[in-house]
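Using the working numbering, you'd call the opening residue of the sequence shown number 82 and step up by one each time.
Inspection log for the structure reproduced underneath, given as structure tokens.
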Amino acid sequence: FDRMKQAVSRTRESLGERIEGVIALTREVDEAALEDLEMSLIASDIGVTTAAEIIERLRDRGKRQGIRNGAELKDLLREHLKQILDEQQRPVAKVAAPPEVIMMVGVNGTGKTTTSGKLAAWYRAQAKTVLMCAADTFRAAAIEQLEVWGERSGVEIVRTKQGGDPSAVLFDALQAAKSRHNDVLIVDTAGRLHTKNSLMAELDKMRRTTQRIIPDAPHEVLLVMDATTGQNGLQQARLFTESAGVTGIVLTKLDGTAKGGIAIAIARELKLPVRFVGVGEKIEDILPFDSGAFVDSLLG
Ligand code: GDP
């Protein structure tokens, strides 16, 4: 909780401070106040459409029951934002038999490999046995980088040489995780191939390979998104959500932005739950997502 607060406090300084004037306790909540609030929401990366929808709901409520003061407006806003996030929260797919297979997908540089390593340590801390698969055989340093994370978290990795067939190394990892009865298999995948189509085709092939060995897997396909790229990241994300069967989001680098509103845009526009947030470069800098704590941090 405290660490979420700390990481998102830059966000709070931004959105919280921006709306401070809008929701000052004594000010009457009129159309001008709502318009100010709309601008503040947009500035926090919530997105134009989502901001307009939220303001419309507040305006409706104002017409029906009135909004007495800034504090009430803030409470209503908090409630709306939390609801948008909660609507997308859903349980992780049931795992018929271990391992739970988690595929990490996303554009290069978003923090996929780092998050794979952090997640491995996170599951280890939950007393789970973990195996990692280095299936990003395209990016030169990805395999070595994952190995370093493996050493840090005490998790073994299944790897091949650079340029190797990702589905082949995945096949080996699935067999290994299954025969060793590992609880979790984390698969780091490529964020870039020669073309977008070849990347999507590769991810699809990996999915089919997985299903051949474990029919109900992958149980999670986590799209890693960099919070600092804001609305641009959302555009990139659509490519993956359309073709990679994404089931949830990891929002990284939340420590590096004053605009946490992107989490709301993700829920509203991608219709996906945020599962984890990344709040730094160290192994422990990952937190399971908590909508209440997040919105509180956002609004201050
Ligand atoms: P990949 O290409 O998607 O595998 O990205 P990497 O895992 O190599 O990460 C790219 C950079 O982002 C590295 O310098 C990481 O240390 C950094 N990074 C990843 N997650 C976070 C985070 O939550 N906060 C911060 N500040 N940096 C992060």
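Glycine is no exception: its CB is placed at the ideal position from the N, C-alpha and C atoms.
- Judged by DSSP in its simplified three-state form, Pro247 adopts helix.
- The criterion of a C-beta distance shorter than 8 Å is satisfied by Phe219 and Arg273.
- In this structure, the CA atom of Pro296 is about 24 Å from the CA atom of Thr241.
- Taking 8 Å as the cut-off, the beta carbon of Val173 is found no closer than this to the beta carbon of Val211.
- Contact annotation: the segment 245–259 does not touch the segment 187–205, with fewer than three C-beta pairs closer than 8 Å.
- Ranked by Cα distance from Leu200, the first of Gln146, Glu168, Ser260, Asp269 is Asp269.
- Distance from the CA of Pro247 to the CA of Ala216, rounded to the nearest whole angstrom, comes to 5 Å.
- Per DSSP, Val360 lies in no alpha helix (DSSP H) and is assigned neither H nor E.
- Our two residues, Val110 and Leu379, have alpha carbons roughly 21 Å apart in a direct line.
- Nearest C-alpha to Lys259 among Arg145, Ala348, Arg349, Glu181: Glu181.
- Of all C-beta pairs linking the segment 232–239 to the segment 131–151, fewer than three are shorter than 8 Å, placing the two stretches out of contact.
- Ranked by how close their Cα comes to the Cα of Ala178, the residues Thr333, Glu301, His262 have His262 in first place.
- Boundaries cannot be given for Gly381, as no alpha helix (DSSP H) includes it and DSSP labels it neither H nor E.
- Secondary structure of Val327 (DSSP, three-state): coil.
- Take Ile343, set aside five residues on each side of it, and the residues of its chain with a beta-carbon closer than 6 Å to its own are Asp126, Ala308, Gly311, in chain order.
- In the DSSP assignment, Asp167 falls within the unbroken alpha helix (DSSP H) covering 151–169.
- If only uninterrupted alpha helix (DSSP H) runs of at least 4 residues are considered, those enclosed by the segment 173–242 are 193–206, 223–234.
- When DSSP states are grouped into helix, strand and coil, Val110 belongs to the coil group.
- Scanning Pro299, Val250, Arg288, Tyr204 for the CA closest to the CA of Val236 turns up Tyr204.
- In its chain, beyond the 5 residues on either side, Ile123 have a beta carbon closer than 8 Å to the beta carbon of Val129.
- Val302 is bridged by DSSP to Met184.
- When the alpha-carbon of Thr196 is set against those of Phe375, Glu116, Gly381, Arg356, the nearest one is in Arg356.
- In this structure, the beta-carbon distance from Leu115 to Arg142 does not fall below 8 Å.
- Listed in chain order, the non-local C-beta contacts of Asp366 below 7 Å within the same chain comprise Lys199, Gly359, Val360, local neighbours out to five positions each way being set aside.
- Residue nearest to Val376 within the set Lys340, Gln292, Met287 is Lys340 (criterion: CA-CA distance).
- Less than 8 Å separates the beta-carbon of Leu251 from that of Thr291.
- Per DSSP, reduced to three states, the secondary structure at Thr333 is strand.
- Shown here, Thr322 sits in a helix according to DSSP, grouped into three states.
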